[in-house]
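Engineer: One line per chain: the protein sequences are A and B, in this order.
Heads up, the first sequence is in my numbering, so the first residue is 158 and it goes up one at a time.
Heads up, the second sequence is in my numbering, so the first residue is 35 and it goes up one at a time.
Even glycine gets a Cβ: it sits at the ideal position worked out from N, Cα and C.
Computed from a predicted structure; not experimentally measured.
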Amino acid sequence: MNKRILKVLTKREILSGVYGINVYFLIFLSCIMASIFFYTFLDTMKNGIITGTPMLTTFIFSVIPLSGLYFGISAVTSIAKERSEKTIEVLFYGPVSEENYILEKYINKMFLYCYFLSFVIIFFVLSEKFMNFGLGTNFLKVCFLSILIVSCAVSFGIFLSTLAPSENMSIVILIGFYVCMGSLLILESMLGLPTHGNINIIQNMFLKIVHLSRRIDPIHYFSLGMSSISDGGKELLDFKLFKTSVDKYVLSVLESTIYSAIMMVASIISMKIKGVK
Amino acid sequence: MITLKDVTKKYGKFTAVDNLNLEIEEGDSFGFLGPNGAGKTTTILMAVGILRPTYGEIKVFDKDIRREIEIKKRIGVVSEQQYLYNDMTAFEYLNFFAELYDVDSDRVNEILDYMRLSDVKNKLLKEYSKGMRQKISVARAVLHDPDILILDEPAYGLDPKGVKEVRDLILTEKKKGKTIFISSHILTEIEKVCDNVGIIDKGKLVFEGKMDELKRKVSGGRRIYIELYKITKKIADNLKKLSFVQDISIEENIIQITTEEDKRKEISKIITESGGIIIGMHEESVSLEDAFLKVIENE
Numbered sequence: 158m159n160k161r162i163l164k165v166l167t168k169r170e171i172l173s174g175v176y177g178i179n180v181y182f183l184i185f186l187s188c189i190m191a192s193i194f195f196y197t198f199l200d201t202m203k204n205g206i207i208t209g210t211p212m213l214t215t216f217i218f219s220v221i222p223l224s225g226l227y228f229g230i231s232a233v234t235s236i237a238k239e240r241s242e243k244t245i246e247v248l249f250y251g252p253v254s255e256e257n258y259i260l261e262k263y264i265n266k267m268f269l270y271c272y273f274l275s276f277v278i279i280f281f282v283l284s285e286k287f288m289n290f291g292l293g294t295n296f297l298k299v300c301f302l303s304i305l306i307v308s309c310a311v312s313f314g315i316f317l318s319t320l321a322p323s324e325n326m327s328i329v330i331l332i333g334f335y336v337c338m339g340s341l342l343i344l345e346s347m348l349g350l351p352t353h354g355n356i357n358i359i360q361n362m363f364l365k366i367v368h369l370s371r372r373i374d375p376i377h378y379f380s381l382g383m384s385s386i387s388d389g390g391k392e393l394l395d396f397k398l399f400k401t402s403v404d405k406y407v408l409s410v411l412e413s414t415i416y417s418a419i420m421m422v423a424s425i426i427s428m429k430i431k432g433v434k
Numbered sequence: 035m036i037t038l039k040d041v042t043k044k045y046g047k048f049t050a051v052d053n054l055n056l057e058i059e060e061g062d063s064f065g066f067l068g069p070n071g072a073g074k075t076t077t078i079l080m081a082v083g084i085l086r087p088t089y090g091e092i093k094v095f096d097k098d099i100r101r102e103i104e105i106k107k108r109i110g111v112v113s114e115q116q117y118l119y120n121d122m123t124a125f126e127y128l129n130f131f132a133e134l135y136d137v138d139s140d141r142v143n144e145i146l147d148y149m150r151l152s153d154v155k156n157k158l159l160k161e162y163s164k165g166m167r168q169k170i171s172v173a174r175a176v177l178h179d180p181d182i183l184i185l186d187e188p189a190y191g192l193d194p195k196g197v198k199e200v201r202d203l204i205l206t207e208k209k210k211g212k213t214i215f216i217s218s219h220i221l222t223e224i225e226k227v228c229d230n231v232g233i234i235d236k237g238k239l240v241f242e243g244k245m246d247e248l249k250r251k252v253s254g255g256r257r258i259y260i261e262l263y264k265i266t267k268k269i270a271d272n273l274k275k276l277s278f279v280q281d282i283s284i285e286e287n288i289i290q291i292t293t294e295e296d297k298r299k300e301i302s303k304i305i306t307e308s309g310g311i312i313i314g315m316h317e318e319s320v321s322l323e324d325a326f327l328k329v330i331e332n333e
């Protein structure tokens with residue numbers, strides 16, 4: 158892998174992203190959504206109802222799904238789009254390797270997410286000054302977790318993109334994947350029902366397969382991280398729970414990182430096998 | 035320099051390139067001809083490492099281009115269509131490739147000047163006409179001063195002035211001793227630029243050799259027409275006696291002679307010695323287009 162080439166490729170994509178309109182539109186949309194959440198919280202507070210963590214809830218339910226969806230889709234279409242436009246071909250006429258290309262796509266998306274996140278954090282900090290909701294350490298934890306979640310979504314998206322021959326096909330693959338995941342979820346709940354006799358062995362085997370296959374889904378790692386944070390809310394009261402939540406958080410970070418790394422390696426292999434055409 | 039050995043490319047049951055053997059030496063200017071869908075672009079894409087051959091071996095500078103990508107720095111490629119980043123200006127685009135190939139940015143301005151695109155270098159590429167976009171593609175291909183130039187339809191979409199500019203650029207590169215591999219539908223352009231040609235049809239190489247050789251092959255030798263003031267029996271007999279004459283026909287005061295090599299000097303000497311007066315002499319030249327069509331028809 159050539160570091161200079163990686164730098165040149167990344168610079169071009171980052172500049173294209175930073176000077177483009179999409180990331181700013183996403184920031185705007187996230188802020189609008191967050192404002193709606195804040196307004197609802199303020200409204201409930203006026204009525205004397207105190208809700209737990211408005212900042213955290215807003216971030217989790219507005220910023221993360223929106224950005225995860227955007228960066229996931231943009232990763233899924235990234236390589237496929239270049240394949241459709243055939244600009245990828247011109248790059249590979251030159252000394253660009255599959256490793257350089259895949260890594261550049263990942264770095265670019267992650268940089269843009271951090272760029273987006275910095276704007277969103279500024280918005281949240283400013284909002285907090287006006288509304289006194291309180292940010293707390295969990296907010297920072299969630300922010301860091303969101304980077305890992307987006308990393309999972311991006312690396313998975315890039316992998317799917319290496320399989321797609323065109324932009325439209327990449328979206329079809331993504332939808333197809335989530336249809337399969339949904340079916341697995343239904344299958345899992347069906348197989349989880351108590352049954353009798355020999356069928357239990359087959360049932361258990363299926364359940365294991367279903368559990369394993371769900372690990373491919375990047376959303377799985379988000380729920381894992383979130384459960385650690387929700388446990389962490391009670392950490393001051395119970396040391397055991399605190400330890401469990403920290404363990405869960407670290408495990409979530411570790412699993413997300415490993416997942417991203419595996420997806421990146423899979424993308425490079427897929428790209429080498431499938432080629433740029 | 036570029037070697038294709040028993041190269042085959044299959045897409046399912048369809049064979050795009052069938053057992054192709056080709057060798058292009060350093061400094062060669064090779065014209066690659068063939069009808070639409072003959073396998074020209076597939077061959078080019080395999081030669082530059084974009085496509086993997088189903089069977090066979092491709093070597094560029096005696097190395098496998100798919101494994102040793104550093105050698106791609108020594109190759110410049112123009113594709114059939116212009117695949118540009120439309121959100122960039124011409125300068126930004128060429129500068130990006132200059133950085134990729136580790137070339138000084140002064141070279142970008144130099145090449146933009148040469149291509150007469152300096153005035154519009156800050157215009158977005160999406161605003162460029164087809165011809166201008168093709169010029170940018172050619173500029174990108176020669177930006178890093180490559181040793182091999184692989185051009186797939188380089189004159190595509192260009193106006194006559196643009197065609198001449200690109201041709202001049204290719205000829206300049208040829209004079210510098212660069213290896214040129216060019217595929218084009220404009221056969222007159224190939225004729226002006228290339229010394230060697232290869233004709234591919236239905237994935238198979240049906241001819242490979244010198245341009246003259248191809249023309250001779252289709253015309254059945256060199257055909258020389260001599261117009262005389264008067265044709266006497268002595269002149270005709272003396273010409274028929276010549277060992278290098280393959281065929282001779284006389285019609286009024288014109289003699290048509292077929293030879294293997296250029297023997298115009300010897301013929302004119304014999305005619306003069308036999309008392310004939312030559313009014314005119316010319317060799318029938320077969321155009322590359324005629325030769326190409328004849329080869330394809332025969333196949």
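(1) Does the pairing of the stretch 103-123 of chain B with the stretch 233-248 of chain A give three or more beta-carbon distances under 8 Å?
(2) Can you check whether the C-beta of arginine 201 of chain B is within less than 9 Å of a C-beta belonging to chain A?
(3) Anyone know if the C-beta pair for serine 417 of chain A and glycine 382 of chain A falls short of 9 Å?
(4) Does isoleucine 162 of chain A come within less than 9 Å of chain B when only Cβ atoms are used?
(5) Mapping the DSSP letters down to three states, classify threonine 141 of chain A as helix, strand or coil.
(6) So does the stretch 162-174 of chain B actually touch the stretch 89-100 of chain B, counting three or more Cβ pairs closer than 8 Å?
(7) Leucine 283 of chain A to phenylalanine 198 of chain A, Cα distance in whole Å?
(8) Who are the near neighbours of glycine 251 of chain A in its chain, counting only those whose CB is closer than 6 Å to its CB and skipping five residues on each side?
(9) Using a cut-off of 8 Å between C-beta atoms, extract the partners of glutamate 104 of chain B located in chain A.
(10) Using a Cβ-Cβ cut-off of less than 9 Å, list which residues of the stretch 120-143 of chain B approach chain A; keep chain order.
(11) Between threonine 215 of chain A and chain B, is the shortest Cβ-Cβ distance under 9 Å, so that the two count as touching?
(12) Work out the CA separation of isoleucine 217 of chain A and isoleucine 376 of chain A for me, nearest whole Å.
(13) Apart from the five residues just before and just after methionine 80 of chain B, which ones in its own chain have a Cβ nearer than 8 Å to its Cβ?
(14) Out of A:Pro222, A:Lys405, A:Met421 and A:His368, state which residue places its alpha-carbon closest to the alpha-carbon of tyrosine 270 of chain A.
(15) Note the first and the last residue of the continuous alpha helix (DSSP H) segment covering tyrosine 259 of chain B.
(16) I need the boundaries of the beta strand (DSSP E) containing asparagine 230 of chain B, first residue and last residue.
(17) Could you say which of B:Val137, B:Gly211 and B:Ile289 lies nearest to lysine 267 of chain B if we only look at CA atoms?
(18) Using a Cβ-Cβ cutoff of less than 7 Å, which residues in the same chain neighbour phenylalanine 273 of chain A once the five nearest sequence positions on both sides are dropped?
(19) For chain A, find out if any of its Cβ atoms is closer than 9 Å to the Cβ of serine 277 of chain B; answer yes or no.
(20) Does the CB of threonine 244 of chain A have a neighbour CB from chain B at under 9 Å?
(21) For the beta strand (DSSP E) containing methionine 315 of chain B, list its first residue and its last residue.
(22) Helix, strand or coil, according to DSSP, for glutamate 225 of chain B in the structure here?
(23) Using a cut-off of 9 Å between C-beta atoms, extract the partners of glutamine 115 of chain B located in chain A.
(24) Cβ of serine 323 of chain A less than 9 Å from any chain B Cβ?
(25) Scan the stretch 164-181 of chain A for residues whose Cβ lies nearer than 7 Å to a Cβ of chain B and list them as they occur along the chain.
(26) Along the stretch 68-94 of chain B, where does the CB come closer than 9 Å to a CB of chain A? Name the residues.
(27) Below 8 Å between beta carbons is the criterion; list the residues of the stretch 214-239 of chain A that meet it against any residue of chain B, in chain order.
(28) According to DSSP, is isoleucine 65 of chain B helix, strand or coil?
(29) Compare the beta carbon distance of valine 231 of chain B and leucine 177 of chain B with 9 Å and say whether it is the shorter of the two.
(30) So that I know if they touch, is there some Cβ in chain A lying closer than 9 Å to that of valine 176 of chain B?
(31) With a cut-off of 9 Å, does the C-beta of phenylalanine 249 of chain A fall near any C-beta of chain B?
(32) If you count every other CB in all the chains shown that lies within 10 Å of the CB of tyrosine 263 of chain B, and 16 or more means buried, which is it?
(33) Grab the span of the alpha helix (DSSP H) containing aspartate 186 of chain B for me, first residue to last.
Structural biologist: The short version:
(1) With a cut-off of 8 Å on Cβ pairs, the stretch 103-123 of chain B is in contact with the stretch 233-248 of chain A, counting three or more such pairs.
(2) Output row for arginine 201 of chain B: interface = no.
(3) No.
(4) Yes - at least one Cβ of chain B is within 9 Å of the one on isoleucine 162 of chain A.
(5) The requested residue 141 of chain A does not occur in the structure, where chain A is confined to residues 158 to 434.
(6) The stretch 162-174 of chain B and the stretch 89-100 of chain B do not touch, with fewer than 3 CB-CB distances between them shorter than 8 Å.
(7) Leucine 283 of chain A and phenylalanine 198 of chain A have their alpha carbons spaced roughly 16 Å apart.
(8) So the list is empty, once near-sequence residues are dropped.
(9) Contacts between glutamate 104 of chain B and chain A, judged by CB atoms closer than 8 Å, involve Pro252 in chain order.
(10) Those would be Asn120, Asp121, Met122, Glu126, Phe130, Phe131, Glu133, Leu134, Tyr135 and Asp136, in chain order.
(11) No, because no Cβ of chain B sits closer than 9 Å to the Cβ of threonine 215 of chain A.
(12) Going from the Cα of isoleucine 376 of chain A to the Cα of isoleucine 217 of chain A covers about 13 Å.
(13) Taken in chain order, the residues that qualify are Leu38, Val41, Lys43, Val51, Arg86, Pro87 and Ile92.
(14) If we check each option's Cα against that of tyrosine 270 of chain A, A:Pro222 comes out closest.
(15) Membership of tyrosine 259 of chain B in any alpha helix (DSSP H) is not indicated; the residue belongs instead to the beta strand (DSSP E) covering 256-262.
(16) It spans 230-235 - the beta strand (DSSP E) in which asparagine 230 of chain B sits, taken as one unbroken run.
(17) The shortest C-alpha separation from lysine 267 of chain B is found at B:Ile289.
(18) Val180, Leu183, Ile184 and Ser224, listed in sequence order.
(19) Output row for serine 277 of chain B: interface = no.
(20) Using a Cβ-Cβ cut-off of 9 Å, threonine 244 of chain A counts as an interface residue toward chain B, since at least one Cβ of chain B sits closer than that to its own.
(21) For methionine 315 of chain B, the enclosing beta strand (DSSP E) has its first and last residue at 312-317.
(22) Residue state for glutamate 225 of chain B is assigned as helix, using DSSP reduced to three classes.
(23) Neighbourhood of glutamine 115 of chain B in chain A, by CB distance below 9 Å: Lys243, in chain order.
(24) So, not an interface residue.
(25) Of all residues in the stretch 164-181 of chain A, those with a C-beta nearer than 7 Å to a C-beta of chain B are Val165, Arg169 and Ser173, reading in chain order.
(26) Look at the stretch 68-94 of chain B: the residues with a C-beta under 9 Å from a C-beta of chain A are Leu79, Val82, Gly83, Ile84, Leu85 and Arg86.
(27) Considering only beta carbons, no part of the stretch 214-239 of chain A lies closer than 8 Å to chain B.
(28) Checking the sequence shown, residue 65 of chain B turns out to be glycine, not isoleucine. Three-state DSSP puts glycine 65 of chain B in a strand.
(29) Not closer than 9 Å, so no.
(30) Valine 176 of chain B does not count as touching chain A.
(31) True, the Cβ-Cβ gap to chain B drops below 9 Å.
(32) By the Cβ neighbour-count rule, tyrosine 263 of chain B is exposed, with fewer than 16 other Cβ atoms within 10 Å of its own.
(33) Per DSSP, aspartate 186 of chain B lies in no alpha helix (DSSP H); the unbroken beta strand (DSSP E) holding it starts and ends at 182-186.
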